[in-house]
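Each residue of the sequence shown is one higher than the one before, starting from 0 at the first, in numbering that gives the first Met the number 0.
Think of the CB as a built atom: it goes at the ideal place given N, C-alpha and C, for glycine as much as any other residue.
From a predicted model like this one, the values you see are computed outputs, not experimental measurements.
Okay, structure first, notes after.
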Amino acid sequence: MKVLVVGGAGYIGSHTVRLLQKEGHQPIILDNLCAGHEEAARRLKVPFEKGDLGDIPRVKGVLADHRPEVVMHFAAFALVGESVTQPKKYYHNNVVSTLNLLDAMNDAGIKKFIFSSTCATYGNPQRPALDETHPQKPINPYGWSKWMVEQILRDYDRAYEMKHVALRYFNAAGGSPDGLIGEDHDPETHLIPVALQAVIGKRPGVTVFGTDYDTPDGTCVRDYIHVDDLAKAHILAIEHLNGGGESKMLNCGTGKGHSVKEVLDTVERVTGRKLNVTYGPRREGDPPVLVAVADQIRTLFGWKPQYTELEPIVRTAWTWFEKGGTYRPS
Ligand SMILES: NC(=O)c1ccc[n+]([C@@H]2O[C@H](COP(=O)([O-])OP(=O)(O)OC[C@H]3O[C@@H](n4cnc5c(N)ncnc54)[C@H](O)[C@@H]3O)[C@@H](O)[C@H]2O)c1
Numbered sequence: 000m001k002v003l004v005v006g007g008a009g010y011i012g013s014h015t016v017r018l019l020q021k022e023g024h025q026p027i028i029l030d031n032l033c034a035g036h037e038e039a040a041r042r043l044k045v046p047f048e049k050g051d052l053g054d055i056p057r058v059k060g061v062l063a064d065h066r067p068e069v070v071m072h073f074a075a076f077a078l079v080g081e082s083v084t085q086p087k088k089y090y091h092n093n094v095v096s097t098l099n100l101l102d103a104m105n106d107a108g109i110k111k112f113i114f115s116s117t118c119a120t121y122g123n124p125q126r127p128a129l130d131e132t133h134p135q136k137p138i139n140p141y142g143w144s145k146w147m148v149e150q151i152l153r154d155y156d157r158a159y160e161m162k163h164v165a166l167r168y169f170n171a172a173g174g175s176p177d178g179l180i181g182e183d184h185d186p187e188t189h190l191i192p193v194a195l196q197a198v199i200g201k202r203p204g205v206t207v208f209g210t211d212y213d214t215p216d217g218t219c220v221r222d223y224i225h226v227d228d229l230a231k232a233h234i235l236a237i238e239h240l241n242g243g244g245e246s247k248m249l250n251c252g253t254g255k256g257h258s259v260k261e262v263l264d265t266v267e268r269v270t271g272r273k274l275n276v277t278y279g280p281r282r283e284g285d286p287p288v289l290v291a292v293a294d295q296i297r298t299l300f301g302w303k304p305q306y307t308e309l310e311p312i313v314r315t316a317w318t319w320f321e322k323g324g325t326y327r328p329s
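Structure below.
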């Protein structure tokens, strides 16, 4: 099946492109490279179209040239703090550009859409069980931008029969086990790559934000989901829509939480190196615990994460960082 992967030169998109290829699909990447890497597309040997979602004629042209049956949409800005100081940037890229894409798809008669949503649409958890029925009250423009797209998707389904699967990711982590592709953000804000950058001497150390949370060791707890398990959820989403399945918004996480301290201990164990750790105050807007209840996707898609322990996830990230942890020439 032909699948247009918007944002496919980025972290999660590129891993999904790789799995699409492995499973016999024909992915095509559309990416403006604001955060992605053409080198990822080159390594995966997939058709690559450089283009911005804000450029409507370009988006229409790519759809007309390739005639994909499904569009996967990973392209967005995703720095929570930046979204607070620059909301315009976030609403334009994450909402307006997504509308451009949906309208171009609708005009071209393409009716299957798979969207990267986020647990940030829930905001601060009001109860421990973070399932899909948990109230959605985002606490920053990034979360709101994804929430807005979710609302648009419901309306586009109702009015234009555009079917969607929106996957609410928890914390994506890890990389390809062979180290061909991996996570390369600049700036990097995710804990595992930040710690691994410290291990390879790319930063002086790691800061832990808050040690007095109401969690077993006082540090924040998150649900780390391997990027290949996320990729698999996307493939299953295609199968769901192809089988005539209804539009769905589904959590995508392991259901298991790990604290910041646990992650750092695991990084030290996997790499065999000691980290320089600084303990700082809490960061505003960090909920103590974010762990998915992901029963729906398991039942509906038969999805099951292959990586259920933290250590193998960190090991795949380490494979990438041992090779430098970047596509950029040093
Ligand atoms: N990484 C996570 O843990 C996580 C968690 C929840 C949700 N998400 C969501 O998943 C998606 C992918 O995340 P990621 O970590 O792979 O991000 P990423 O920055 O690595 O990838 C995004 C890609 O989109 C491209 N892009 C951005 N704006 C574009 C535009 N206007 N036109 C064309 N291309 C554009 C970038 O160049 C980049 O290659 C994002 O939508 C993000 O909000 C990520």
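A residue is called buried when at least 16 other Cβ atoms come within 10 angstroms of its Cβ; S329 does not meet this threshold and is exposed. The Cβ atoms of P67 and K1 sit closer than 7 Å to each other. In the three-state reduction of the DSSP assignment, D30 falls in the strand class.
Of all C-beta pairs linking the segment 304–317 to the segment 172–187, three or more are shorter than 8 Å, placing the two stretches in contact. Relative to ligand 1, T117 has its C-beta within less than 6 Å of a heavy atom.
Of all alpha-carbon atoms in I28, L32 and V95, the one lying nearest the alpha-carbon of V70 is that of I28.
The Cβ atoms of Y90 and F76 do not sit closer than 7 Å to each other.
Taking the Cα positions, T270 is about 11 Å away from L263. Rounded to the nearest angstrom, the gap between the Cα atoms of G200 and L3 is 37 Å.
Here E48 is buried: its Cβ has 16 or more other Cβ atoms, across all protein chains shown, within 10 Å.
Judged by DSSP secondary structure, K1 falls within the beta strand (DSSP E) whose first and last residues are K1 to V5. When Cβ pairs closer than 8 Å are counted between the two stretches, the segment 28–45 is seen not to touch the segment 138–150, the count staying below three. Contact between A107 and V79 is absent: CB atoms are separated by about 33 Å, not below the 8 Å threshold. One alpha carbon belongs to V58, the other to R126, and they sit about 41 Å apart. Here the distance from the Cβ of Y155 to the nearest heavy atom of ligand 1 is not below 6 Å. In chain order, P304, Q305 and Y306 place their CB closer than 7 Å to the CB of D228, counting only its own chain and leaving out the 5 sequence neighbours on each side.
For E267, the enclosing alpha helix (DSSP H) has its first and last residue at V259 to T270. Judged by beta-carbon spacing, D177 lies beyond the 7 Å limit of T325, meaning their Cβ atoms are not closer than that value. M71: not part of any alpha helix (DSSP H); member of the beta strand (DSSP E) spanning V69 to H72, first to last residue. Counting C-beta atoms within 10 angstroms of its own C-beta, R17 has 16 or more neighbours from the protein chains shown and is therefore classed as buried.
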